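Chemist: What follows is a structure written as structure tokens; I'll ask about it next.
Number of protein chains: 2
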Amino acid sequence: MQASAVNSVRTTADRSSLMNIGRKVDYAVRALSYLAAQPHLWVVGSKEIARRQDIPTHYMSKIMKDLAAAGLVRSRVGRKGGFSLARHPESISVKEVYEAVERPLSLMECLEKDHHCCPYDAVCTQISVWERAQGLLAEYLAGISIGSLADREGLKGRLNGLHS
Amino acid sequence: MQASAVNSVRTTADRSSLMNIGRKVDYAVRALSYLAAQPHLWVVGSKEIARRQDIPTHYMSKIMKDLAAAGLVRSRVGRKGGFSLARHPESISVKEVYEAVERPLSLMECLEKDHHCCPYDAVCTQISVWERAQGLLAEYLAGISIGSLADREGLKGRLNGLHS
DNA sequence: ACAAGGTGGATGCATTAGGTCTATATTTTA
DNA sequence: TAAAATATAGACCTAATGCATCCACCTTGT
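So the protein lines, in turn, are chains A and B.
For the first sequence, the numbering used here begins at 696 and goes up steadily by one.
For the second sequence, the numbering used here begins at 696 and goes up steadily by one.
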């Protein structure tokens, strides 16, 4: 009788989380992509987003909270409530989304400002390598907008479209 | 009288492993950097590497095993045994090192060949983004050689050098 | 008033990161 | 040949993390 039946189809076969973008970011991008394709300021309920993009319902609530806290979406509480983008879709980058739900992009602790991760940072030969790698990544992701990923139908809809 | 006293000075304050290069890779690069600065085919015992680069001794043994299995170092068993680079330092890339001790560089499961991580890959809007990001990263890391990171003295030695 | 929504937080579980230890096989050298 | 120093193989341990689920509460439209 309720929408809880389907859920994520993924197997538990997660291999490593090192150097991996997590599901949280995946889900966040999916959700925002869906919102990005709606009419301006259109409010969409979380159930709808979750269903169309196949995101675990309750988990997404937490994610949307993060996105709201970061100022990427606006939420409306109460009946007929839901979410809408708080900014122009073209102005929201994937890097921002990542940092909204995860943390500032950082390939190693050493690279975090004022973190002084290990006593050797003054003489470390690798720091500059990871720093540059991280810079490349950040620059690229900052250049990709949610607008460019807009998805009016949602994954489910488009997948079924292929089948028909 | 023994080398076991110091160990890693890092606090336990690891934050997240998502999108993080792990310590294993850090240690592997340190070890290879040290070997890269030795005379050609010079054999160095693991105790010495561990001491000079401040790597947990037993943990490093496991790492060296991976590096040997990947053909990056040659090992010599028995007394006076140890490790030496199996290839020219300039020909060993950081990407290879990463993949020797960790796994093939992959930002998301979806990107792994033939993994078919989720039912939506055919209609996914984000895959190409992560694919390109991963490509940039891989390309950059493939261009950095262990030779360019060679460290004759090791972190400890060079740090003390600064103090004097 | 009440139902449909978001908010905030407690809780849970499987896996991984990171590391230690021991037993064994191999080689040098005394 | 015995002993010492080394790598190898793998079992084992622990805290933290990833990925959720659930619930009690507060807001708002009808």
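No residue lacks a Cβ here, since even glycine has one placed at the ideal position from N, Cα and C.
Owing to the predicted nature of the structure, the values given are computational and were not obtained by experimental measurement.
Are there 16 or more other CB atoms within 10 angstroms of the CB of A/Val-701, so buried, or fewer, so exposed?
Modeler: For A/Val-701, the predicted model reports a pLDDT of 37, less than 50, meaning its position is unreliable and no value from the coordinates is stated.
Chemist: Do B/Ser-741 and B/Ser-756 have their CB atoms nearer than 9 Å?
Modeler: For B/Ser-741 and B/Ser-756, yes; Cβs fall inside 9 Å.
Chemist: With DSSP collapsed to three states, give me the class of A/Val-720.
Modeler: helix
Chemist: Since A/Val-792 sits in a beta bridge, which residues does DSSP pair it with?
Modeler: Looking at the DSSP assignment, A/Val-792 forms no beta bridge with any residue, so it has no partner.
Chemist: Would the stretch 741 to 750 of chain A and the stretch 823 to 837 of chain B be scored as touching if the rule is three or more Cβ pairs under 8 Å?
Modeler: no
Chemist: Anything in the stretch 818 to 842 of chain B with a Cβ closer than 8 Å to a Cβ of chain A? List those residues in chain order, please.
Modeler: Those residues of the stretch 818 to 842 of chain B that come within reach of chain A (Cβ to Cβ, closer than 8 Å) are Val-818, Cys-819, Thr-820, Gln-821, Val-824, Trp-825, Arg-827, Ala-828, Leu-831, Leu-832, Tyr-835, Leu-836, Ile-839.
Chemist: Could you tell me the alpha carbon to alpha carbon distance between B/Leu-780 and A/Gly-852, rounded to whole angstroms?
Modeler: 54 Å
Chemist: Report, in whole angstroms, the separation of the C-beta atoms of B/Gly-766 and B/Val-739, which I expect to be a contact under 8 Å.
Modeler: That pair is no contact at about 18 Å.
Chemist: Compute the distance between the beta-carbons of A/Gly-717 and B/Leu-713, then report whether it is under 9 Å.
Modeler: yes
Chemist: Would a check of beta-carbon distances place B/Pro-814 closer than 9 Å to chain A?
Modeler: yes
Chemist: Spell out whether any CB of chain A is found under 9 Å from the CB atom of B/Ser-801.
Modeler: B/Ser-801 counts as touching chain A.
Chemist: What would DSSP say about B/Ser-801, mapped onto helix, strand or coil?
Modeler: coil
Chemist: What is the residue span of the alpha helix (DSSP H) that B/Ser-756 lies within?
Modeler: Per DSSP, B/Ser-756 belongs to the alpha helix (DSSP H) from 752 to 764.
Chemist: Indicate whether at least one CB of chain B lies closer than 9 Å to the CB of A/Leu-730.
Modeler: no
Chemist: Closer than 8 Å: is that where the CB of B/Gly-777 sits relative to any heavy atom of the ligand SAH?
Modeler: With respect to the ligand SAH, the structure shown offers nothing to examine, as it has no ligands at all.
Chemist: Helix or strand or just coil, what does DSSP make of A/Ser-840?
Modeler: strand
Chemist: Among A/Ile-750, A/Leu-806, A/Asp-846, A/Leu-800, which has the Cα closest to the Cα of A/Glu-834?
Modeler: A/Leu-800
Chemist: For B/Asp-749, tell me which candidate among A/Ala-731, A/Cys-813, A/Ser-823, A/His-783 has the shortest Cα-Cα distance.
Modeler: A/Cys-813
Chemist: Under 7 Å between beta-carbons, which chain A residues line up against B/Met-755? List them in chain order, please.
Modeler: Per Cβ cutoff of 7 Å: no residues; B/Met-755 is ~16 Å from chain A at best.
Chemist: Using a Cβ-Cβ distance cut-off of 9 Å, determine whether A/Lys-851 contacts chain B.
Modeler: yes
Chemist: Mapping the DSSP letters down to three states, classify B/Arg-710 as helix, strand or coil.
Modeler: coil
Chemist: Is DSSP giving B/Leu-854 helix, strand or coil here?
Modeler: helix
Chemist: For A/Gly-777, write down the residues that DSSP places opposite it in a beta bridge.
Modeler: A/Arg-771
Chemist: Under 9 Å between C-beta atoms, does B/Leu-713 make it to chain A?
Modeler: yes
Chemist: Tell me which residues share the same chain as B/Cys-805 and place their Cβ nearer than 8 Å to its Cβ, disregarding the 5 neighbours each side in the sequence.
Modeler: Cys-812, Cys-813, Asp-816, Cys-819, Ile-822, Trp-825
Chemist: For B/Arg-785, decide whether its Cβ has a neighbour in chain A, counting only Cβ atoms nearer than 9 Å.
Modeler: With the sequence shown as reference, residue 785 of chain B is identified as Glu, and Arg is not the correct amino acid for it. No, no contact with chain A.
Chemist: In this structure, does DSSP put A/Val-739 in helix, strand or coil?
Modeler: When secondary structure is reduced to three states using DSSP, A/Val-739 falls in the strand class.
Chemist: Quick test of your reading: B/Val-636 and B/Glu-797, contact by CB under 8 Å. State the CB separation rounded to the nearest angstrom.
Modeler: Residue 636 of chain B falls outside the range modelled here, since chain B spans only 696 to 859, and no answer is possible.
Chemist: Just to confirm, are A/Ala-845 and A/Ala-731 a CB contact at a threshold of 9 Å?
Modeler: yes
Chemist: With a threshold of 6 Å on Cβ separation, who are the neighbours of B/Ala-763 within its own chain once the five nearest residues in sequence on each side are excluded?
Modeler: Answer for B/Ala-763: Ser-770, listed in chain order.
Chemist: Output, in chain order, the set of chain A residues within a Cβ distance shorter than 7 Å of B/Val-792.
Modeler: Neighbours of B/Val-792 on chain A: none; closest Cβ ~10 Å, over 7 Å.
Chemist: Please report whether the beta-carbon of B/Glu-743 lies at a distance below 9 Å from any beta-carbon of chain A.
Modeler: no
Chemist: At a CB-CB cut-off below 8 Å, which residues of chain A make contact with B/Val-796?
Modeler: Result: empty, since nearest Cβ-Cβ is about 10 Å, beyond 8 Å.
Chemist: How many Å lie between B/Val-768 and B/Met-759 at the Cα?
Modeler: 8 Å
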